[in-house]
Amino acid sequence: MSPNAGRLEGKVAVVTGAASGIGAETARTFVANGARVVAADLQDAPGRALAGELGDSARFAHCDVTREGDVAAIVDLALAEFGQLDVMVNNAGIVGAVGPIASTAADAFDATLAVLLRGVFLGMKHAARVMVPRRTGVILSLASTAGVVGGLGPHAYTAAKHGVVGLTKSVASELAPHGIRVNAVAPGMTATAMTSAVMAGDPANVEQAARAIAKRTALGIAGEPRDIAHALLYLASDEARYVTAHTLVVDSGETSAIGRTPFHDAPSEVIREAGRRER
Ligand code: NAI
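Below, the structure is given as structure tokens:
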């Protein structure tokens, strides 16, 4: 048992995109901490395998987050199977449209936002539908460092993830008086099928992606799904009861400590007016 076991005792969560990567690890971490979980995904075989691994505490549901009926159904399944919904995790994602802005197809842009932003909107909407009457709940969504600064992801992805940060703030302000917290987590590069497909040309080659990521981070390690799952666990738990409208960046400092200034290695002194130096 992890030393953290029990932080979500008695809670019920829905996790979208739970068949792989961050979503799968979040489902495992939540169950290890006492939660019961509806694991939802487009990919049936790995989703069912995960639910089998987690036993009585989990159910798999096929769900395309771009379809409102599917999203409504996974929320209703949580109520039918486990009696309530305490935590909604809007995690499902794709890389989506890539390439120059001048040649990005409008349909590809729309399809990307349909998963990454409309999907999150639908998750928030249907979670709020059942949380508001109970006056309790936590809604968490996966943003990205590409939702905080430009130049880290493709255009549509970046726009959608900025949208997730904005929607998180907006919905948090509406739902706070109802006792519902709404937050996002913005991971930096994390070794999953998504990054492996791009960095190693093979979604299964997570180890190669992890090695490549580790070379690029300030801490010299690759983000792993558990690093993001633990951030989600904190925000989902009552330990974060005073935290809402927040985007928790988990990125080895990528968006806050870019580069390494030569001043760090300079002799210790004070540089004053006109370059005058004092020791
Ligand atoms: P992943 O590819 O391992 O898992 C994503 C899951 O979402 C897959 O199981 C996939 O089947 C599912 N999915 C995709 N479209 C769906 C749809 N329409 N309906 C339902 N499920 C759908 O990717 P990863 O890395 O675990 O990504 C999870 C989230 O974290 C995504 O929102 C991603 O944008 C975000 N993120 C990931 C980062 C990374 O470096 N891996 C960095 C920043 C954010």
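No gaps in the numbering here: position 228 of the sequence shown is 224 in this note's numbering, and each next residue is one more.
Glycine residues also receive a C-beta, built at the ideal position from the N, C-alpha and C atoms.
Contact test: residue i Cβ vs ligand 1 heavy atom, cutoff 7 angstroms
i    : result
L46  : no
T213 : no
S16  : yes
D40  : no
P183 : yes
V245 : no
D103 : no
M190 : yes
A88  : yes
S252 : no
D60  : yes
R19  : Correcting the residue type first, residue 19 is Gly in the shown sequence and not Arg. Yes - ligand 1 has a heavy atom lying nearer than 7 angstroms to the Cβ of G19.
For residue i, the first and last residue of its enclosing alpha helix (DSSP H)
i    : result
G133 : Premise fails: G133 lies in the beta strand (DSSP E), 133 to 138, not in any alpha helix (DSSP H).
T12  : Not the alpha helix (DSSP H): T12 falls in the beta strand (DSSP E), residues 8 to 12.
G19  : 17 to 28
Distance CB(residue i)-CB(residue j) smaller than 8 angstroms
i    : j    : result
T108 : I176 : no
A74  : V134 : no
V34  : E5   : no
H122 : N179 : no
V167 : M120 : yes
L113 : G65  : no
V61  : A31  : no
A196 : A189 : no
G219 : T186 : yes
For residue i, the first and last residue of its enclosing beta strand (DSSP E)
i  : result
A1 : Neither: A1 is in no beta strand (DSSP E) and is coded neither H nor E.
Distance between beta carbons of residue j and residue i, contact taken as under 8 angstroms
i    : j    : result
T25  : A225 : 4 angstroms
A152 : G115 : A152 to G115, Cβ: 13 angstroms. No contact.
Could you tell me which uninterrupted beta strand (DSSP E) segments, each at least 3 residues in length, are contained entirely in the segment 201 to 268, listed from first to last along the chain?
-> Those beta strand (DSSP E) runs which fall completely within the segment 201 to 268 and span 3+ residues are 243 to 246.
3 or more residues per run - each beta strand (DSSP E) lying fully within the segment 84 to 166 = Within the segment 84 to 166, the complete beta strand (DSSP E) runs of at least 3 residues are 133 to 138.
In the segment 167 to 194, which residue ranges form an unbroken beta strand (DSSP E) of at least 3 residues, counting only runs that do not cross its ends?
-> The segment 167 to 194 contains these whole beta strand (DSSP E) runs: 176 to 183.
Which residue spans inside the segment 38 to 86 form an unbroken beta strand (DSSP E) run of at least 3?
-> Listed in chain order, the complete beta strand (DSSP E) runs (minimum 3 residues) inside the segment 38 to 86 are 54 to 58, 83 to 86.
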